[in-house]
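Engineer: Below is one structure. I have some questions about it.
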Amino acid sequence: MKNTEKSSLGVIVSDKTTGNVVHYVENPETKISDVFNGGIYLFNDQLFKRLGNAKISKITQAQNSSNFGSGHDDEDIISMETDILRNLPEFGNTYVYEYRGFWHAIKTPADALTANKLYLEKLLKAGLSSTNPSAVSSPISSTPLHHWTLCFYW
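With the first letter of the sequence shown counted as 1, position 37 gets the number 37 in our numbering; the numbers rise by one all the way through.
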């Protein structure tokens with residue numbers, strides 16, 4: 001991603017020593033990090049409290065908004081990325097795991113087909129086939145397509 005490119009993914013800034021998330025932005029206008037949110041999460045039971053707080057916050061915002069009833073921000077819908085993840089860094093207990101192997105964003109059915117095609121091409125280039133499934137687990141690449149993360153909230 002170039003410095004001026006808008007991202008269609010969540011982007012994470014983390015402490016390189018501890019892995020602690022210090023900033024999260026969904027779909028930033030400019031590049032702030034090479035680390036993308038990969039969409040795999042591990043939460044403790046405090047997530048339920050955070051979901052409840054997010055719901056209350058959305059209802060309050062909708063009631064106080066001059067756009068109330070316009071349908072722009074449905075208070076019945078909680079978004080993991082915009083209502084939960086962007087607030088987690090302030091608690092100081094959200095961490096990332098950076099994976100540096102093959103990765104492709106899958107947001108639509110067409111993306112899933114593209115990802116499968118790219119991965120199969122990767123296997124063929126490595127000389128692997130479907131007749132040798134144990135060979136599928138390959139070492140981490142030193143030149144990733146993208147970085148993605150596993151967010152831990154503990």
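All residues carry an ideal CB built from backbone N, CA and C; glycine is no exception.
1) Give the DSSP-derived three-state secondary structure of residue 108 in the structure shown.
2) So residue 21 and residue 12 are supposed to be a Cβ contact under 8 Å. How far apart are they, rounded?
3) Drop a sphere of 10 angstroms on the beta-carbon of residue 8, count the other beta-carbons inside from all chains shown, and report buried for 16 or more, exposed for fewer.
4) Under three-state DSSP, which class holds residue 102?
5) Exposed or buried, which one is residue 42 when buried takes at least 16 other CB atoms within 10 Å?
6) Using 7 Å as the threshold, is the C-beta distance between residue 82 and residue 26 below it?
7) Just the Cα atoms here: how many angstroms apart are residue 56 and residue 89?
8) At a Cβ threshold of 7 Å, is residue 93 touching chain C?
9) Quick one, which of 58, 24, 114, 118 has its alpha-carbon nearest residue 76's?
10) Determine whether the beta carbon atoms of residue 78 and residue 54 lie at a separation below 7 Å.
11) Taking residue 77 as part of the beta strand (DSSP E), name the residues at either end of that continuous run.
Structural biologist: Judging by the given coordinates:
1) Residue state, collapsed to three classes: coil.
2) Correct: roughly 6 Å between the Cβ atoms.
3) Its Cβ having fewer than 16 others within 10 Å, residue 8 is exposed.
4) Note: residue 102 maps to coil in three-state DSSP.
5) Flag for residue 42 reads exposed.
6) For residue 82 and residue 26, yes; Cβs fall inside 7 Å.
7) Each residue's CA atom was taken as its position, placing residue 56 and residue 89 some 20 Å apart.
8) In the structure shown, chain C does not exist; there is a single protein chain.
9) Closest option to residue 76, judged by alpha-carbon separation, among 58, 24, 114, 118: 58.
10) Taking 7 Å as the cut-off, the beta carbon of residue 78 is found closer than this to the beta carbon of residue 54.
11) Segment: none, residue 77 is in no beta strand (DSSP E) and carries neither H nor E.
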